[in-house]
DNA sequence: TAGCCTGTCCAAAGCGGTTTGAAATTGATT
DNA sequence: AATCAATTTCAAACCGCTTTGGACAGGCTA
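Protein chains in written order, with our numbering: chain A, 1 to 345; chain B, 1001 to 1345.
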């Protein structure tokens, strides 16, 4: 059942039927009622492909997920971010198109997506230092919103980010206030922007108290359980081991905990740990009382908001770039406490 | 730059240009060369929306991910499955459209996707017992492939699944061979088909050795770290605690390990554990030597193959439903061993 | 009564490709 | 030289919608 057939059945022109269904004013309320009734009865659904061609809009948003070709990691936060964004799209009649792309091919994909009119805009995932993609997208005039930021880019662009620097600064200060002086950082890979900012916040907090950062206590790895475990093991073997850890993700945090408990140390008593909690649905941080003290920020909510920003930018192309900085909460769990009295061994 | 303009520049008709670019034989090789050269020079990209309308094909596949409205879990295996499927789509010029849908609304979404011609086919995720979606999709004549199976559905349909029953049967037998008699199962939610099959395999193995299953040693929960931990704690407090565990996912397995080590027990020595390992990229099971003994099957590879099946079904609509059963490997890690001699406490 | 809005409706022209059916060209055959 | 088939090219229809630019009827004003 297409528009023409429906119009014929009603004895109306396609024009009128189209307008009736799309809420245009130049149609009498009585015929509008007739049309909507008939449309429902024959369960007419306008063909997406035709609408898209006729209107020149794709009614779709592209999410381009780079899979760094070397290590094929599919960042687990994407799933929740996309779930959040998907809610916004669904409400607004947009589709979500997902491209998983080896990152040496991204240029071509972006150009294609734009030139072929497959999507109306893009969410940029996983921004790096001086990320060249933003320049490219600006050049071809493609609306986009970055999830995160790209340190080094000077021209204004639209982004939505968590205040990673402040979150990690606060977390570090919190540990310092407990008397910790040897605080380790188990970070993500530091060509990723978020990891750079977290390190900065951590270093700022240390510097503000006049504490020199120890390179031995800073690791920068993929955020898997195993890497977290390994990094923590190495640090705990140190002559002057850390009394507290900062971990960049829940998953690293699980590995970290394993390393700690394996040594017979108790989390929150012998060793303090703060993680960053993206509030992933399948990795809840306890039910009522959080297990980990954490800097928390829902990546799902970030997805919702980033999608809203992008739709707004698409609707108002002339407007200036938008930015939104979400603050992470510092939530207190059972994984932090004062520095224990030195044990005699 | 569109087809008409390109044709004009070349002094050819749009027809010829279109055919030249699409490899039709009724075009001389010399003009084809001219056309392709010009297309590249002006970097002409045919408009997706126009192609879709003209050909009547969406060149897109829908992945409908149900978020059971009660518990908003975004299953982490989706990310890797989709990454695998995405590779196949990219190779074949298809887009991947992702809809995250509260599961009371799925009917409408499927009907819409079909009637509006947004996608050419569907991958059905997370099949349940007697899943009503398959019936619906058959009724409206929508090509689809199920990731998993739907016990209770009698009419043939296309699916790709891991042999969950055999995998868990083998895993259980492996533990039995080590002398374990109290073997616990930490399963996923048992309205999910895969969970039912895993339990079946487990029960079969026990029954074959004449061992009665103990309901206290079987839990059925969301597969999060915390649930795994809780379930394991409860079982370890049992009067006759299990000496071995089977866990339905790596994440449950992490919680399980925590419960074990928290009690001062050693994994693989005091307590044996086998998990199911979906080979998720961000949850590797060790590098060289696997940490967990596991039934392993790459969900990413499953995504690749399911996508291939679906594209094939779309290309040959008349063909019979296809099925593919992947066998899981049983890989031996460090988490299993013989039953320890009873300790005196 | 003519002229002018206003409110409804419609024919037709897009959107940018593909595809059908026919025309023009070429080469081989008689 | 004429005929025919094969090769190459093209004009036009089509996909199913939106949107432009009227047309038409009825009520008002001048």
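A virtual CB, placed ideally from N, CA and C, is assigned to each residue, including glycine.
In chain order, what residues of the same chain have a beta carbon less than 8 Å from the beta carbon of residue i, not counting five sequence neighbours either side?
i	result
residue 1182(B)	1214, 1217, 1240, 1241, 1242, 1243, 1244
residue 1326(B)	1160, 1161, 1162, 1163, 1297, 1301, 1302, 1305
Just to confirm my understanding: we take residue i, look at its own chain, exclude 5 residues before and 5 after, and list those with CB closer than 6 Å. What are they?
i	result
residue 1086(B)	1096
residue 1229(B)	1255, 1258, 1259
residue 1219(B)	1186, 1231
residue 1324(B)	1160
residue 225(A)	251, 254, 255
residue 1001(B)	1042, 1044
residue 1188(B)	1195, 1223, 1248
residue 1180(B)	1243, 1244, 1339
residue 280(A)	80
residue 270(A)	340
Kindly list, in the order they appear in chain A, the residues whose Cβ is closer than 9 Å to that of residue i.
i	result
residue 1097(B)	60, 95, 96, 97, 98
residue 1140(B)	Within chain A, no residue comes near residue 1140(B); the closest Cβ sits about 11 Å away, beyond 9 Å.
residue 1261(B)	258, 261, 262
Kindly give me the distance between the Cβ atoms of residue i and residue j, rounded to whole angstroms, as I take these residues to be in contact under 8 Å.
i	j	result
residue 20(A)	residue 13(A)	In fact, because the Cβ distance is near 11 Å, the residues do not count as touching under 8 Å.
residue 1168(B)	residue 1272(B)	Not a contact, Cβ separation roughly 15 Å.
residue 1158(B)	residue 1267(B)	That pair is no contact at about 40 Å.
residue 274(A)	residue 208(A)	With a Cβ gap of about 17 Å, residue 274(A) and residue 208(A) do not count as contacting.
residue 1048(B)	residue 118(A)	5 Å
residue 1129(B)	residue 1151(B)	5 Å
residue 312(A)	residue 295(A)	The pair is not a contact, with the Cβ atoms about 28 Å apart (cut-off 8 Å).
residue 127(A)	residue 149(A)	6 Å
residue 1195(B)	residue 1246(B)	In fact, because the Cβ distance is near 12 Å, the residues do not count as touching under 8 Å.
residue 1101(B)	residue 1066(B)	6 Å
residue 1292(B)	residue 76(A)	With a Cβ gap of about 18 Å, residue 1292(B) and residue 76(A) do not count as contacting.
residue 321(A)	residue 143(A)	Contact doesn't hold; Cβ gap of about 10 Å is too wide.
Output needed for residue i: all residues of its chain with C-beta closer than 7 Å, excluding positions within five of it in sequence on either side, in chain order.
i	result
residue 1236(B)	1259, 1263
residue 1173(B)	1205
residue 17(A)	3, 6, 7, 10, 35
residue 70(A)	Low confidence applies here, because residue 70(A) scores a pLDDT of 48, under 50, leaving its location unreliable; read the following figure in that light. None.
residue 57(A)	120
residue 106(A)	64, 66, 133
residue 176(A)	205, 209
Residues of chain A with CB under 7 Å from residue i, in chain order?
i	result
residue 1150(B)	Chain A residues near residue 1150(B): none, gap ~23 Å exceeds 7 Å.
residue 1224(B)	282, 283, 284
residue 997(B)	Nothing can be reported for residue 997(B), as the shown portion of chain B is limited to 1001 through 1345.
residue 1076(B)	76, 79, 282
residue 1254(B)	225, 254
Could you tell me which chain B residues have their CB closer than 8 Å to the CB of residue i, listed as they occur along the chain?
i	result
residue 86(A)	1098, 1099, 1100
residue 67(A)	1083
Listing by chain order, which chain B residues have their CB less than 7 Å from the CB of residue i?
i	result
residue 117(A)	1047, 1048, 1049
residue 52(A)	1049
residue 189(A)	Those do not exist, as residue 189(A) stays about 12 Å from chain B at its closest Cβ, beyond 7 Å.
residue 251(A)	1282
residue 293(A)	The premise fails here: residue 293(A) is roughly 16 Å from chain B at the closest Cβ pair, so nothing lies under 7 Å.
Closer than 9 Å by beta-carbon distance: list the chain B residues that pair up with residue i, in chain order.
i	result
residue 269(A)	In chain order: nothing, as chain B lies at least about 13 Å away.
Got a sec: does the ligand NAD put a non-hydrogen atom nearer than 6 Å to the Cβ of residue i?
i	result
residue 210(A)	The model depicted lacks the ligand NAD and carries no ligand whatsoever.
Minimum length 4: unbroken alpha helix (DSSP H) runs contained in the region 258–320 of chain A: 299–315
Would you say the region 81–88 of chain A touches the region 334–343 of chain A, given that touching needs at least three Cβ pairs under 8 Å? no
Say whether the region 257–271 of chain A touches the region 192–206 of chain A, bearing in mind that this needs 3 or more beta-carbon pairs closer than 8 Å, one atom from each stretch. no
Mind listing, in chain order, the continuous alpha helix (DSSP H) runs of no fewer than 4 residues lying wholly within the region 153–228 of chain A? 164–177, 193–208
Give the list of continuous alpha helix (DSSP H) stretches no shorter than 4 residues that lie fully inside the region 1066–1139 of chain B. 1077–1092, 1106–1115
Count the C-beta pairs between the region 1037–1049 of chain B and the region 1280–1294 of chain B that are closer than 8 Å, then say yes if the count reaches three, no if not. no
Could you tell me whether the region 1102–1119 of chain B touches the region 1317–1336 of chain B, using the rule of 3 or more Cβ pairs below 8 Å? no
Under 8 Å, with one C-beta from each stretch per pair, do the region 115–135 of chain A and the region 57–68 of chain A reach the 3-pair mark? yes
Please specify which runs of the alpha helix (DSSP H), each continuous and at least 4 residues long, are wholly inside the region 1042–1069 of chain B, giving them in chain order. 1048–1055
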